[in-house]
Amino acid sequence: MTTPEPASSATIALDEIAPKQCSCGTTRRAFVQESAGAVSVHLLQVDRAVTHHHRIATEVYVILDGVGEVELDGVRHPAKPMSAFLIPPGTRHRALGDLRALVVCLPAANDADEYFD
Numbered sequence: 001m002t003t004p005e006p007a008s009s010a011t012i013a014l015d016e017i018a019p020k021q022c023s024c025g026t027t028r029r030a031f032v033q034e035s036a037g038a039v040s041v042h043l044l045q046v047d048r049a050v051t052h053h054h055r056i057a058t059e060v061y062v063i064l065d066g067v068g069e070v071e072l073d074g075v076r077h078p079a080k081p082m083s084a085f086l087i088p089p090g091t092r093h094r095a096l097g098d099l100r101a102l103v104v105c106l107p108a109a110n111d112a113d114e115y116f117d
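The C-terminal position of the sequence shown is numbered 117 in the UniProt record's numbering, with every residue numbered one higher than the one before it.
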């Protein structure tokens, strides 16, 4: 059995990454390739989020700006700057309101691991 090569150190300005539409709004994803798929970090601007879940990924949302809610399995939780949410695989979730969040995804974000009811 071979061991994967460890990821190299990397730095990036999240606000300089081209935005991409996602189920929660607009995201700027970093470190997917640099970590060989182990982890990614996203700058998320919430806009018309759709409830979804992941079968593999665990996500952590850290609210940077704004006020709103994060819905986890149908239960809405208040969200404000410095609120953090652990979202394990299988948890149906979405963010609501005018929010900007830092999202950490383990393993790295993969659009194929996004499911809608």
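Think of the CB as a built atom: it goes at the ideal place given N, C-alpha and C, for glycine as much as any other residue.
Please read these numbers as outputs of a predicted model, since none were measured by experiment.
Identify whether E69 lies in helix, strand or coil by the three-state DSSP scheme.
-> strand
Taking only runs that begin and end inside the segment 8 to 60, name each unbroken beta strand (DSSP E) of 3 or more residues, in chain order.
-> 20 to 22, 25 to 30, 40 to 46
Based on Cα-Cα distance, which residue from R100, G66, V104, E16 lies nearest to P88?
-> V104
Contact between the segment 64 to 79 and the segment 9 to 22 (3+ Cβ pairs under 8 Å) = no
Alpha carbon of I12 to alpha carbon of S35, nearest angstrom = 13 Å
A112 - partner residues in DSSP beta bridges | Note: A112 sits in no beta bridge, so no partner.
Look up D98 in the DSSP assignment and say whether it is helix, strand or coil.
-> strand
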